[in-house]
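Undergrad: Quick note on numbering: this note's numbering labels position 353 of the sequence shown as 436, and the sequence is numbered without any gaps.
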Amino acid sequence: FPLFPSISDIGTITIWAEIGVIFLLFSLGLEFSFKKLVKVGGSASITAVVEVAFMLLIGYIAGQLMGWSSMDSIFLGGILSISSTTIIIRAFDELGIKSQKFAGLVFGILVVEDLVAILLLVLLSTLAASQQFAGAEMFNSVLKLIFFLVLWFIAGIFILPTFLKRARNLMNDETLLVVSLGLCLLMVVLATSVGFSPALGAFIMGSILAETIYAEKIEHLTKPIKDLFGAIFFVSVGMLIDPTMLIKYAGPVVIITFATIFGKVFSTTIGALISGQPLKSSLQSGFALAQIGEFSFIIATLGLTLKVTSDFLYPIAVAVSAITTFTTPYLIGMAEPIYNRIESRLPERWKTFLNNYTAGAQTISSQSDWRIVLRAYAIIVVTNSVIIIGIIIASSRFVLPLIRENIAEGTTGATITAAMAFTAMAPFLWALAAKRTQKHAYANLMMNKRSNRSQLVLLEISRVALAVFFIGFLLNSLFSIQMALIVGFILTMILIIVAPKGLRLFYTKLEHRFLINFNEREMQNAPATTPELLPWDSHLAYFKVSADSPYIGQSMKELNLRKKYGVSIAVIERGHNIIHIPGPDEKLYPADKIAAFGTDEQLQQFRQIIEAPVHDHQATHHAHEVMLQHFLLDENFPFIGTSIRDSGIREKTKSMVVGIERNGQRILNPGSGTIFEKGDILWIVGRKGVINNLLAEKAV
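Dropping the structure here:
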């Protein structure tokens, strides 16, 4: 062979790269969670959308200015739009800033970006196939993606956790590893059979398994597989790179690197400001997200495998990723000094405007009854509609041909199929048309205004009409449209009037099993509820008391942490014992897990003492549903005109008042003699249920 052998079988290397992508996306799915996506606040979602849209535009414009083709420019925008979760988490660990306020916003943005990346893979695949911007085709692809994501997620959560629990005695490490990889490949087959990429199927199965109690164990067992095939992926695609291209395209690498850093810093900062974040957190988030990583490689590889992008795009993406990975820790460190410089030069009227906008965006008194009812109804309509459509598709495409081939042909076969499909659909049709939810909010709307009643009646009629439509859709695929409409209406009335009790009980059992599977991991681990966004720089952070901490054995009264550091201890977790709002005589012991409230600077100083020496597992989140919540005090609040001490909130609810916003002034850690006034915005730390009870007492 020659001294520098060349590649003789490109096809085999491409196959290995695709296999590597499958296992890489499976492992990323295990780190992802749809529940995390639901819990991501509006600020993280708004910031991520603004940042991704801006970087897509910047990438496309940069490609066009460099004379690239439209497809190269579009894929460049996709490559630049997704930041690297792996790089950011590693940087935060090494810099010891995971407890800072902006870190929570960054992690929320990364969760949204993961889902956007999957959506981009589908859209770019569709665009590559059509080679043009077909709006209808794009819209259909998005609807198809949403439908299958919801369907697979519901079916996966309903089936897999139960299967894993019942097979627990058979699940040693080797068996669990084989079963997990088998499930991954099964979803790969399902995804490719409906027209999606294998990588999407692997990601979906990983995200489903991430909701089970075996998630951490599966992630641990599959780590060697991920490392092996991840290396195979990068090596395989790297073998297709011509090193001379990096020299030839050094100019574009420099241009794209600057576009990535400045574009992401600018777009993320603007998005965070729009969402109501303070300037400091916005800038810190922008500097933290200024890089590209693993998903960018996958998007670049997609263009290569689909043969719609030029050969130089992937090596350029690798080079830009390497440079921005190197610059990330330095950029994070530069964020605060740059903020201080900008803040010192901002005109006072701008500072006032930003402060007022931030406070206004984050001041929420309570959810309206309409919002509560509409959100609950939207969940019912979407989930049950997806299941019903799935049953109809399965019946017409698979069950009907099978029945006609083996049991009966013609109208008889269609009737049997319709009966079977309707039986399977019945519980979900009943829930879609008649299930009641959020009864308290619903009753409030009915009693408060006469105009609400007509709107609620219209809402109920629309649900019944949707159920009639689905029945008609099923029958129309098997019989004539006239018969479908008549029989559909009759069957819907039967569901609502004649047989609601049995269907309600059966549906309730299904729903109960789904919710148990969905929440089992969370209930077992009892993770803390981290506040989404707060005014000031104050927030909750989580620490583990080191055996070397000088505060071991000292009581809360002796520690006097509010005076020394300005922080307040909200929760202490000691083994299985959870101590909410510890009293003055409560002491700290080694390995206690605590939730503390304060600013970034206060918490950082406190962390150096309480976790000395600092360990990597600093932020173990087991504060058992402690949360920070705020609400507006109106005339119905029972403690107006009463001091914090006399109200007895601490003793009654095991909660702690940590802040009051009054007439634009913010009082952090108010004294016990502070009087509650109408119009105050009250911030309380405590258990979620207890705080909700306080809100209920307020409503009464």
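Yeah, the Cβ is synthetic: ideal placement off N, Cα and C, and Gly gets one too.
1. Please report the distance separating the alpha-carbon of ASP256 from that of PHE109.
2. Report the three-state DSSP secondary structure of GLN637 (helix, strand or coil).
3. Can you check whether the CB of ALA550 is closer than 9 Å to the CB of ALA516?
4. Can you list, in chain order, the residues of its chain whose CB lies under 7 Å from that of THR97, leaving out five sequence neighbours each side?
5. So, helix, strand or coil for PRO614, using DSSP?
6. To the nearest angstrom, how far is it from the Cα of PRO430 to the Cα of LEU437?
7. Looking at ILE471 and PHE597, is the spacing between their C-beta atoms short of 9 Å?
8. Taking C-beta to C-beta, are LEU789 and ILE237 nearer than 9 Å?
9. So, with DSSP's three-state summary, where would you put TRP235?
10. Which ranges would you report for the alpha helix (DSSP H) in the stretch 318-343 if only whole runs of at least 4 residues count?
11. Who are GLU488's beta bridge partners in DSSP?
12. Rounded to the nearest angstrom, what separates ILE839 and PHE409 at their Cα positions?
13. If you draw a straight line from the alpha carbon of LEU203 to that of SER280, how long is it in whole angstroms?
14. Can you tell me the Cβ-Cβ gap for SER629 and ILE693, rounded? I've got them flagged as a contact below 8 Å.
15. Please determine, among GLY756, ILE144 and VAL740, the residue with the shortest C-alpha to C-alpha distance to SER651.
16. If you pair each beta-carbon of the stretch 502-515 with each one of the stretch 461-468, do three or more pairs fall below 8 Å?
17. GLY681 lies in the beta strand (DSSP E); which residues open and close that run?
18. Enumerated in chain order, which unbroken segments of the alpha helix (DSSP H) with a length of 4 residues or greater are wholly contained in the stretch 117-187?
19. Excluding sequence positions up to five away, which residues of its chain have a Cβ less than 6 Å from the Cβ of LEU557?
20. Quick check on the burial criterion: 16 or more other C-beta atoms within 10 angstroms. Buried or exposed for ASP92?
21. Using the C-alpha atoms, what's the distance from PHE714 back to SER730?
22. From SER365 to PRO420, what does the alpha carbon distance come to, in whole angstroms?
23. Using CA coordinates, which residue listed in VAL318, GLY265 and LEU198 is at the minimum distance from THR305?
24. Starting from VAL654, follow the beta strand (DSSP E) in both directions and report where the run begins and ends.
25. Let me know the secondary structure DSSP gives LEU389 once reduced to three states.
26. Measure the beta-carbon distance from ASN752 to ARG645 and round it to whole angstroms, keeping in mind my assumption that it falls under 8 Å.
27. In the DSSP assignment, the beta strand (DSSP E) including GLU744 goes from what residue to what residue?
28. Can you give me the C-alpha to C-alpha distance between ILE102 and THR169, rounded to a whole angstrom?
29. Nearest CA to the CA of THR245: which residue from GLY636, ARG536, LEU593 and SER755?
30. What do you reckon, are the CB atoms on TYR397 and PHE370 nearer than 9 Å?
31. Relative to the C-alpha of LEU178, which residue among TRP235, TYR413 and SER358 is closest?
32. Enumerate in chain order the residues of its own chain whose CB-to-CB distance from ALA186 is below 7 Å, with the five nearest sequence positions on each side excluded.
33. With three or more C-beta pairs closer than 8 Å as the rule, is the stretch 123-133 touching the stretch 191-201?
34. At the level of alpha carbons, what is the spacing between PRO307 and GLU114?
35. Considering Cα atoms alone, identify which of ALA282, PRO633, ARG690 and THR682 is closest to LYS670.
36. Leaving out five residues on either side along the sequence, give the residues of the same chain with a beta carbon under 6 Å from the beta carbon of MET328.
TA: Let me spell this out:
1. Here residue 256 refers to the residue found at position 173 of the sequence shown. Here residue 109 refers to the residue found at position 26 of the sequence shown. For ASP256 and PHE109, the distance between alpha carbons rounds to 18 Å.
2. Looking up residue 637 in the sequence shown gives position 554. Three-state result, GLN637: coil.
3. For this step, residue 516 is matched to residue 433 along the sequence shown. For this step, residue 550 is matched to residue 467 along the sequence shown. Going by beta carbons, ALA516 and ALA550 fall inside the 9 Å limit.
4. Start at 1 with the first residue of the sequence shown, and residue 97 comes out as number 14. Cβ within range, chain order: THR388.
5. Counted from its first residue, the sequence shown places residue 614 at position 531. Model confidence at PRO614 stands at a pLDDT of 40, short of 50, so the residue's coordinates are unreliable; what they give is reported in the following sentence. It is coil, neither helix nor strand.
6. Position 347 of the sequence shown, counted from the first residue, corresponds to residue 430. Position 354 of the sequence shown, counted from the first residue, corresponds to residue 437. Cα-Cα distance, rounded: 11 Å.
7. Against the sequence shown, residue 597 aligns to sequence position 514. Against the sequence shown, residue 471 aligns to sequence position 388. ILE471 is positioned such that its CB atom lies no closer than 9 Å to that of PHE597.
8. Nothing about residue 789 can be reported from this structure: the residues present for the chain run from 84 to 783 only.
9. Within the sequence shown, numbered from 1, the residue matching residue 235 stands at position 152. If DSSP states are grouped into helix, strand and coil, TRP235 belongs with the helices.
10. Entirely contained in the stretch 318-343, the alpha helix (DSSP H) runs reaching 4 residues are, in chain order, 326-331.
11. Indexing the sequence shown from 1 puts residue 488 at position 405. DSSP lists no partner for GLU488.
12. For residue 839 there is no data in the structure shown, the boundaries of the chain being 84 and 783.
13. If you number the sequence shown from 1, residue 203 lands on position 120. If you number the sequence shown from 1, residue 280 lands on position 197. Distance between the alpha carbons of LEU203 and SER280 is about 12 Å.
14. Sequence index remark: in the sequence shown, residue 629 carries index 546 (1-based). Sequence index remark: in the sequence shown, residue 693 carries index 610 (1-based). About 7 Å separates the two Cβ atoms, so the contact holds.
15. As a position in the sequence shown, residue 651 is number 568, starting the count at 1. Closest by alpha carbon: VAL740.
16. Yes, the stretch 502-515 is in contact with the stretch 461-468.
17. Position 598 of the sequence shown, counted from the start, is the residue given in the question as residue 681. Boundaries of the beta strand (DSSP E) harbouring GLY681: 676-681, taken from the DSSP string.
18. You should have 117-122, 125-148, 153-164 and 168-178.
19. Position 474 of the sequence shown, counted from the first residue, corresponds to residue 557. Excluding residues within five positions, the ones whose Cβ falls inside 6 Å are ILE475 and ALA504.
20. Against the sequence shown, residue 92 aligns to sequence position 9. With fewer than 16 other Cβ atoms within 10 Å, it is exposed.
21. Here residue 730 corresponds to residue number 647 of the sequence shown, with the count starting at 1. Here residue 714 corresponds to residue number 631 of the sequence shown, with the count starting at 1. Cα to Cα, the separation comes out at about 17 Å.
22. One-based indexing of the sequence shown puts residue 365 at position 282. One-based indexing of the sequence shown puts residue 420 at position 337. Going from the Cα of SER365 to the Cα of PRO420 covers about 14 Å.
23. Locating residue 305 in the sequence shown gives position 222, counting from the first residue. The option with the nearest alpha carbon to THR305 is GLY265.
24. The count along the sequence shown starts at 1 and reaches residue 654 at position 571. Its beta strand (DSSP E) spans residues 651-657.
25. Working through the sequence shown from its first residue, we reach residue 389 at position 306. Three-state DSSP puts LEU389 in coil, outside helix and strand.
26. Reading the sequence shown from its first residue, position 669 is the one you call residue 752. Reading the sequence shown from its first residue, position 562 is the one you call residue 645. Rounded, the Cβ-Cβ distance is 6 Å, consistent with contact.
27. Within the sequence shown, numbered from 1, the residue matching residue 744 stands at position 661. Note, GLU744: beta strand (DSSP E), 739-745.
28. Working through the sequence shown from its first residue, we reach residue 102 at position 19. Working through the sequence shown from its first residue, we reach residue 169 at position 86. THR169 has its alpha-carbon roughly 20 Å from the corresponding atom of ILE102.
29. Your numbering for residue 245 matches position 162 in the sequence shown. With distances taken between Cα atoms, THR245 lies closest to LEU593.
30. Indexing the sequence shown from 1 puts residue 397 at position 314. Indexing the sequence shown from 1 puts residue 370 at position 287. Contact: no.
31. Residue mapping note: residue 178 aligns to position 95 of the sequence shown, counting from 1. Closest by alpha carbon: TYR413.
32. Walking along the sequence shown from the start, residue 186 turns up at place 103. Within the same chain, Cβ atoms closer than 7 Å to the Cβ of ALA186 are found at PHE175 and ILE180, the five residues on either side in sequence being excluded.
33. Yes, since at least three Cβ pairs between the stretch 191-201 and the stretch 123-133 fall closer than 8 Å, the two stretches touch.
34. Here the question's residue 307 lines up with position 224 in the sequence shown. Here the question's residue 114 lines up with position 31 in the sequence shown. Straight-line spacing of the CA atoms in PRO307 and GLU114 works out to 15 Å.
35. Residue mapping note: residue 670 aligns to position 587 of the sequence shown, counting from 1. It is PRO633.
36. Residue numbering aside, residue 328 sits at position 245 when the sequence shown is read from its first letter. Exclusion of the five residues before and after MET328 leaves PHE395 and PRO398 as the residues of its chain whose Cβ lies within less than 6 Å of its Cβ.
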